[in-house]
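Heads up, the thing below is written out as structure tokens.
Residue numbers (our numbering), protein chains in the order written: chain A, 2 to 190; chain B, 2 to 190.
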């Protein structure tokens, strides 16, 4: 039977873990929240070792959080970044988080985005992209990032997106190692 | 208030339009269904000028259909290809449409995939990617396809995905022109 409807929700622990009212002033502070989501997603066995948060950079407040939900929903698109971006857009009821009355939005991801998430970042009107673990860190445990090239990041920067990579890299990469040590599933297509 | 849940469903006309029981033997036949979805999405004013279908290439039957729902849900990720892939995975309850007992799956899109959809195709275990209108056709009416390079398609082909582009290109590009002539919204991020 064809399916015509999707329902996706975050594991309930995510809402409780995120300090929605606490301003996150610097990039390390923001990144540590994304890493904490990634780590908890592994330890609570709710998904893959990736976390992401959309922040309002003016207030420093989290707007939406995402964790990897690929296995939970058997849906290959539910990377942490896609989940966070979708929920941020739903919160603002706007497909673009950029412009008008909205403050400058940042996507903070515990790992370099794959090809899909990099494209999603561009379409979402994100102003700043902050990444933790690198493509190399992810591929070391078997995750493919897809067709992302240096020119891909240049493409985003040429459209006004400020990209920062390797933020708290060691802490972020440690979560990938925990996942591997626990025998987590590597779910490339 | 943070949002923690998403609900997405196809416009009801999609289920009625797709001939779920009719085998589609050749690529033109498959592409014409994707193009028809794109055209109806414009004419019925339910979204952007893009349609996509996941087919089981063994039987020739459609598995899942997608149309662009970006404006409908104010969600920048709901390109036709992402919608079709998510629904196909939900139908099979599998994040990868490839391997095991599953027949070879094709993603048929009325237009070259953007960077996000190209990544999503890779993660979804698609065996064949068939595209109608080209990146040039889309950019001619103002749509950005993002950081997709010739090397991006090579990356997919190196992983066993057969890519065919320009299938029924003129028919597919005509839908883009209809959308433009009606003053449809161009929703890059």
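By construction, the Cβ of each residue, glycine as well, lies at the ideal position given by its N, Cα and C atoms.
Computed from a predicted model, the values in this text were never measured in an experiment.
Identity of the residue in B/16, B/124, B/133 nearest residue 1 of chain B by Cα
No answer is possible for residue 1 of chain B: it lies beyond the span of chain B, which begins at 2 and ends at 190.
Starting from the Cα of residue 71 of chain B, find the closest Cα among A/87, A/67, A/147 and give me that residue.
Here residue 71 of chain B refers to the residue found at position 70 when the second chain is read from its first residue. Checked all of A/87, A/67, A/147; the closest Cα to residue 71 of chain B is A/87.
Straight-line Cα distance separating residue 37 of chain B from residue 27 of chain B:
Mapped onto the second chain, residue 27 of chain B falls at position 26. Mapped onto the second chain, residue 37 of chain B falls at position 36. Approximately 16 angstroms between the Cα atoms of the pair.
Exposure label - residue 122 of chain A; buried when at least 16 CB within 10 Å:
Along the first chain, one-based indexing puts residue 122 of chain A at 121. Flag for residue 122 of chain A reads buried.
Inter-residue Cα distance where the pair is residue 161 of chain B and residue 189 of chain A
Here residue 161 of chain B refers to the residue found at position 160 when the second chain is read from its first residue. Here residue 189 of chain A refers to the residue found at position 188 when the first chain is read from its first residue. Each residue's Cα considered, the two are about 13 angstroms apart.
Among residues of its own chain, excluding the 5 on either side of residue 50 of chain A, which ones have a beta-carbon nearer than 6 angstroms to its beta-carbon?
Position 49 of the first chain, counted from the start, is the residue given in the question as residue 50 of chain A. For residue 50 of chain A, where only same-chain residues beyond five positions count, the Cβ hits under 6 angstroms are 39, 43, 176, 177, 180.
I need the straight-line Cα distance from residue 187 of chain A to residue 182 of chain B, nearest angstrom please.
Here the question's residue 187 of chain A lines up with position 186 in the first chain. Here the question's residue 182 of chain B lines up with position 181 in the second chain. Those two C-alpha atoms are separated by around 46 angstroms.
Express the C-alpha separation of residue 153 of chain B and residue 126 of chain B in angstroms, rounding to a whole number.
Taking the second chain and counting its residues from 1, one reaches residue 126 of chain B at position 125. Taking the second chain and counting its residues from 1, one reaches residue 153 of chain B at position 152. The alpha-carbon atoms of residue 126 of chain B and residue 153 of chain B are separated by roughly 16 angstroms.
Please state whether DSSP places residue 140 of chain A in a helix, a strand or coil.
Against the first chain, residue 140 of chain A aligns to sequence position 139. Reduced to three states, the DSSP call for residue 140 of chain A is helix.
Assuming residue 41 of chain A is part of the alpha helix (DSSP H), what are its boundary residues?
The residue labelled residue 41 of chain A in the question sits at position 40 within the first chain. It spans 28-44 - the alpha helix (DSSP H) in which residue 41 of chain A sits, taken as one unbroken run.
Chain A contact for residue 96 of chain B (CB, 8 angstroms cutoff)
Against the second chain, residue 96 of chain B aligns to sequence position 95. Closer than 8 angstroms: yes.
Between A/139, A/58, A/11, A/112, which lies nearest to residue 24 of chain A when the distance is taken from Cα to Cα?
Translated into the one-based positions of the first chain, residue 24 of chain A becomes position 23. With distances taken between Cα atoms, residue 24 of chain A lies closest to A/58.
Kindly indicate which three-state DSSP category residue 106 of chain B falls into: helix, strand or coil?
Translated into the one-based positions of the second chain, residue 106 of chain B becomes position 105. Note: residue 106 of chain B maps to strand in three-state DSSP.
Residues of chain A with a CB under 9 angstroms from the CB of residue 81 of chain B: which are they?
On the second chain, position 80 is the one that residue 81 of chain B refers to. Per Cβ cutoff of 9 angstroms: no residues; residue 81 of chain B is ~13 angstroms from chain A at best.
Are the Cβ atoms of residue 146 of chain A and residue 116 of chain A separated by less than 8 angstroms?
Translated into the one-based positions of the first chain, residue 146 of chain A becomes position 145. Translated into the one-based positions of the first chain, residue 116 of chain A becomes position 115. Yes; because the gap between Cβ atoms is below 8 angstroms, this pair is in contact.
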